[in-house]
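Q:
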Amino acid sequence: MRMKTSYRQKIFLYFLVIFTVFAAGNFLIGQLRERKHKTEALEEKLDVCAHIVDAAMATRSDLSIPDSLLKIFPASLRLTLIDRQGRVVYDNAVKETALMENHAGRPEIVAAAGTGKGSHIRVSASNETEYLYYAKRFDRYYVRVALPYDIMTRNFLKPDRLFLYYLMILFAGMLILINLVAGRFGKSIKQLRDFALFMENSEDGKNHTPALHAPFPNDELGEIGSKIAENYRQLKQSKKEIALEREKLLQHVHSSEEGLCFFSAGRSVEFYNGLFVQYLNVITDRANNDPAAVFTDASFGDINAFLARRERKESYFETRISRHGKNFAVRLNVFDDKSFEIIINDITRQEKTRRLKQEMTGNITHELRTPVTGIRGCLETILEHRLDPEKKDYFIRSAYHQVLTLSELIRDMSLITRMEEAPQSFRSEQVRIADLLKNLKKDLEIPLQEKNIRMEWSIAGDVTVKGNGNLLYSIFRNLTDNVIRHAGTDIRILVGKYGEDKNFYYFSYSDSGAGIPEEHLNRIFERFYRVSEGRTRDTGGSGLGLSIVKNAVAFHRGAIVAKNRNGGGLEFLFNLQRG
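So, in structure tokens, the structure goes:
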């Protein structure tokens, strides 16, 4: 026969587990923090070595470390010079550095490229020795200092055990304390359990309450015991309170955003809210305050067919009804006593959202198919045919360009999703439009020259917009990319500010290119919309550029429209919030 665990034992075990987890967590965190501090101290020493190397290299034109400098460092210290492209140009532990692979992907080099310094522990691929690597980024190169990760280094990084001994002593003391506390609680709980069993078996616990209350200790558990009898007598009062709560529940049903109606097993109306009648009148197309109309109207034919089944095991049925441009979800729940409820929800907005998402998914799938098919075709050609180097290079470049198209599509979709679902993630700042345009022209200098496109603006240097710099840049960048891809050659881009008020600046962005037919002007901001079939694929781009422009302008509380200029070309008019 298995012995039943007492409450005292349970309390002791619970507290023991909690304190064990707490102590173990503190020990692990302490060990990790101490190891981290020691590692940082060791990296500081390696950082000094890196700066010494850089100071010695300042006067040298070639990337090699002089032997005189190596003598001041420990013989076991490994020094490596890596250029900014990741090529190893010097390593005092490897003679044939030209045979070493590119180090741009090494963890410590990746970290140094991003933050200026980085470290990593691993086995060297050159000499099979485990090192603690530390890399430092300088103007012309990376200096990497490596210390053998041997017993001496491990012992230096190993945390001391003083904190462990302290925790063990504390743990033993807490076990004694937990045992004492568990004994006190266990005694009180046992008395409380005996009292509760007596009250449950007695017809009237009122007369016995004083005698049973005396043995309880003068603590919180004793107070609980004295309240049990009082709670027993209040049971009938609680029934009244339950009835009151039922009324509150019915009031909640009335204020619900769902149309609800409860029917008996004989289909008589028991309770309904006003929204049910409102939805019912829309569906049945006539004014009717009787919810029983669901049993006679043809729109609820599926519901009535479900109820008419003689042998029915299902307790749930759902259907949808569309009337007057609105969509309703109708649900029926059958209860154990054969009564049932009918719930009507207006899902017009959800349906619209679902269709938009479905359309978006279809568009994305359509746009992804072309580059993916192109990449697959190029790779299959390379893998299945023996090609000369020139043809092989052609297919590799073709696949690469398709990958760029795919990456651009993913990037643009991510930006639009972020603007719609997480606008709070964009940091607001003061942005000078003239400076932004200067940077944009510099970034697009080569494609502008290739198409002989002149980009000019007449915006004062003090015109400042309050918003996110990256999104503001994307507005002008995508408009300019649109001109480069579609407007033609030998044209002019002009950006100007044609008005302002206390809240907004009003901008004009125009080109002298070919323009587009008038019937397309209202749709060019739609995602993946094309003026002509295949235009996006022929000229590049993700098909989302102008959609990003519209969303970015809206993010800055503005609006944008497009029109054809009288002299030819396309003009965009939009406003942005003043700084």
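Residue numbers for the sequence shown follow our numbering, beginning at 24 and rising by one.
Even for Gly, the Cβ is constructed at its ideal location relative to N, Cα and C.
Give the DSSP-derived three-state secondary structure of asparagine 49 in the structure shown.
A: Helix.
Q: Would you kindly work out how many angstroms separate the C-alpha atoms of glycine 324 and isoleucine 370, rounded to a whole number?
A: About 20 angstroms.
Q: Give the straight-line distance between the Cα atoms of asparagine 501 and alanine 575, rounded to the nearest whole angstrom.
A: Whole-angstrom Cα-Cα distance: 11 angstroms.
Q: Specify, as a first and last residue, the run of the beta strand (DSSP E) that valine 292 falls within.
A: 292 to 295 is the span of the beta strand (DSSP E), which, as asked, contains valine 292.
Q: Threonine 103: buried (16+ other C-beta within 10 angstroms of its C-beta) or exposed?
A: Buried: at least 16 other Cβ atoms inside 10 Å.
Q: Going by DSSP, which residues form a beta bridge with leucine 298?
A: Paired residue(s): none; leucine 298 is not in a bridge.
Q: Answer yes if the segment 42 to 60 comes into contact with the segment 151 to 164, meaning at least three C-beta pairs across the two stretches below 8 angstroms, and no otherwise.
A: These segments do not touch.
Q: Could you give the DSSP three-state label for isoleucine 95: helix, strand or coil?
A: Coil.
Q: Tell me which residue opens and which closes the beta strand (DSSP E) that proline 130 is part of.
A: Segment 130 to 138 is the alpha helix (DSSP H) holding proline 130; no beta strand (DSSP E) there.
Q: Give the straight-line distance between the Cα atoms of alanine 79 and lysine 461, rounded to the nearest whole angstrom.
A: If I take the Cα positions, the gap works out to 39 angstroms.
Q: Provide the residue span of the beta strand (DSSP E) that contains aspartate 106, from first to last.
A: Taken as a continuous stretch (DSSP letters only), the beta strand (DSSP E) holding aspartate 106 covers 101 to 106.
Q: Would you kindly check if the distance between the Cβ of valine 454 and the Cβ of glycine 400 is under 7 angstroms?
A: No, the pair does not count as a contact, with Cβ atoms beyond the cut-off.
Q: Which residues bound the alpha helix (DSSP H) around glutamate 473?
A: Element bounds for glutamate 473: 468 to 473.
Q: Glutamine 32: which of Gly348, Ala135, Ile201 sits nearest, CA to CA?
A: Comparing Cα-Cα distances from glutamine 32 to each of Gly348, Ala135, Ile201, the minimum goes to Ile201.
Q: Alpha carbon to alpha carbon, how far is threonine 319 from leucine 267? Give it in angstroms, no decimals.
A: Answer to the nearest angstrom: the Cα atoms are 35 angstroms apart.
Q: Hey, could you find the ends of the beta strand (DSSP E) phenylalanine 363 is sitting in?
A: Start and end: 363 to 369.
Q: What three-state label does DSSP hand methionine 123 in the structure shown?
A: Here methionine 123 sits in coil by DSSP.
Q: What's the C-alpha gap between arginine 101 and valine 76?
A: Approximately 12 angstroms between the Cα atoms of the pair.
Q: Roughly how many angstroms lie between the CA atoms of phenylalanine 35 and isoleucine 192, to the nearest whole one?
A: If you take the alpha carbons of phenylalanine 35 and isoleucine 192, they lie about 18 angstroms apart.
Q: For serine 338, I'd like the list of residues in its chain whose CB is within less than 6 angstroms of its CB, leaving aside the five on either flank, ordered along the chain.
A: Excluding residues within five positions, the ones whose Cβ falls inside 6 angstroms are Val357.
Q: Label tyrosine 188 either buried or exposed according to how many other C-beta atoms from any shown protein chain fall within 10 Å of its C-beta, with 16 as the threshold for buried.
A: Exposed.
Q: Looking only at DSSP bridge pairs, what is glycine 519 linked to?
A: Answer by DSSP bridge pairing, in chain order: Ser481, Ser531.
Q: Given that a residue counts as buried once 16 or more other Cβ atoms are within 10 Å of its Cβ, and exposed if not, what is aspartate 114?
A: With 16 or more other Cβ atoms within 10 Å, it is buried.
Q: From Phe499, Phe351, Asn150, Ser291, pick the residue whose C-alpha is nearest to that of leucine 517; which is it?
A: Of the listed residues, the one whose Cα sits closest to leucine 517 is Phe499.
Q: Here's a check: name, in chain order, each residue in its chain whose Cβ is nearer than 8 angstroms to the Cβ of alanine 316, leaving out the five neighbours to either side.
A: The answer, listed in chain order, is Leu303, Thr307.
Q: Nearest-angstrom Cα distance between aspartate 360 and leucine 272?
A: Their backbone Cα atoms lie some 20 angstroms apart in a straight line.
Q: What is the residue span of the alpha helix (DSSP H) that alanine 328 lies within?
A: Residues 324 to 331.
Q: Under a Cβ-count criterion, where at least 16 other Cβ atoms within 10 Å of its own Cβ denotes burial, should alanine 331 be classed as buried or exposed?
A: Classification of alanine 331: exposed, given that the 10 Å Cβ count is below 16.
Q: In its own chain, which residues sit with a C-beta less than 8 angstroms from the C-beta of lysine 18, not counting the 5 before and 5 after it?
A: Absent from the structure is residue 18, since the part of the chain shown begins at 24 and ends at 602.
Q: With DSSP as the reference, label tyrosine 172 as helix, strand or coil.
A: The answer is coil: DSSP assigns tyrosine 172 none of H, G, I, E or B.
Q: In the DSSP assignment, find the alpha helix (DSSP H) that holds aspartate 504 and state where it starts and stops.
A: Segment 492 to 509, the alpha helix (DSSP H) holding aspartate 504.
Q: Which stretch, first to last residue, makes up the beta strand (DSSP E) that contains phenylalanine 595?
A: Where phenylalanine 595 is concerned, the enclosing beta strand (DSSP E) stretches over 593 to 600.
Q: Run through DSSP, which three-state label would histidine 424 get?
A: Reduced to three states, the DSSP call for histidine 424 is helix.
Q: Short of 6 angstroms in beta carbon distance, which residues of its chain neighbour proline 97, apart from the five on each side in sequence? Order them along the chain.
A: Closer than 6 angstroms at Cβ, skipping near neighbours: no residue.
Q: May I ask you to check if the CB of alanine 169 is nearer than 6 angstroms to at least one heavy atom of the ligand FMN?
A: Only the bare structure without any ligand can be found here, which leaves the ligand FMN out of the picture.
Q: Could you give the distance in angstroms between the alpha-carbon of valine 44 and the alpha-carbon of serine 345?
A: The alpha-carbon atoms of valine 44 and serine 345 are separated by roughly 58 angstroms.
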